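Notes for the one structure printed next.
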Amino acid sequence: MDQPDPSKPPQVPAVVPSLSAGPFELLSGRVLVVEDDLLNQHLIRRMLEKHGLKITVVGTGEAAVETALRDPWDVVLMDCLLPGIDGFAATRAIRAGLNGRPLPIVALTANVQPDDRAECAAAGMDDFLPKPVKRADLYACLKKWLALRQP
Numbered sequence: 005m006d007q008p009d010p011s012k013p014p015q016v017p018a019v020v021p022s023l024s025a026g027p028f029e030l031l032s033g034r035v036l037v038v039e040d041d042l043l044n045q046h047l048i049r050r051m052l053e054k055h056g057l058k059i060t061v062v063g064t065g066e067a068a069v070e071t072a073l074r075d076p077w078d079v080v081l082m083d084c085l086l087p088g089i090d091g092f093a094a095t096r097a098i099r100a101g102l103n104g105r106p107l108p109i110v111a112l113t114a115n116v117q118p119d120d121r122a123e124c125a126a127a128g129m130d131d132f133l134p135k136p137v138k139r140a141d142l143y144a145c146l147k148k149w150l151a152l153r154q155p
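When we follow this note's numbering, the leftmost residue of the sequence shown carries the number 5, and every step to the right adds one.
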């Protein structure tokens, strides 16, 4: 049997198992995550990075508006209850600033009643993910919206 040569660095596999997407395929795109809770920020970031996405996380509605209008994004994940301006007002401001340019904005909220969904839609949110967010639901939602990107 061949013994490893201690004078040579160990071989690194082409795919790092901890970064593989598991049963889900890798995605590509830029996702803005608007979430004020540090634990939720961390969990969502980890889920998205495992799928190969580029992520920026902000924690306030004001930062969401500024960042969404300054940089190009493929999808925005928007917490509804934020310090300062909430996710509904931030979504309205983003929509106004985009002048009709499409940008999928997905609500993230623990409030899952029909009235809550209607309020999200009225604010201009395109989709809805209940908290706590499940990886499979997040993946399916992002895959759907990323597939609809404009070339």
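Backbone N, C-alpha and C fix where the C-beta goes; we use that ideal spot for every residue, glycine too.
A quick note: this is a predicted structure, and the numbers were derived from the prediction, not measured.
A Cβ-Cβ separation of about 7 Å places R34 in contact with P76 under the 8 Å criterion. Counting along the chain, I59 sits inside no alpha helix (DSSP H); it lies in the beta strand (DSSP E) bounded by residues K58 to V62.
For A114, the secondary structure class from DSSP, reduced to helix, strand or coil, is coil. Every alpha helix (DSSP H) stretch that sits fully inside the segment 37-82 and reaches 4 residues is listed by chain position as 42-53 and 65-74. L142 places its beta carbon 7 Å or farther from that of L31. Per the coordinates, the alpha-carbon of F28 lies some 8 Å from the alpha-carbon of H55. For D141, there is no enclosing beta strand (DSSP E); the residue is found in the alpha helix (DSSP H) stretching over R139 to A151. In the structure shown, the three-state DSSP call for I98 is helix. Where L31 is concerned, there is no enclosing beta strand (DSSP E), because DSSP gives it neither an H nor an E. In the structure shown, the three-state DSSP call for D130 is coil. Using a Cβ-Cβ distance cut-off of 8 Å, the segment 59-66 and the segment 116-127 are not in contact, since fewer than three pairs of beta carbons, one from each stretch, lie closer than that value.
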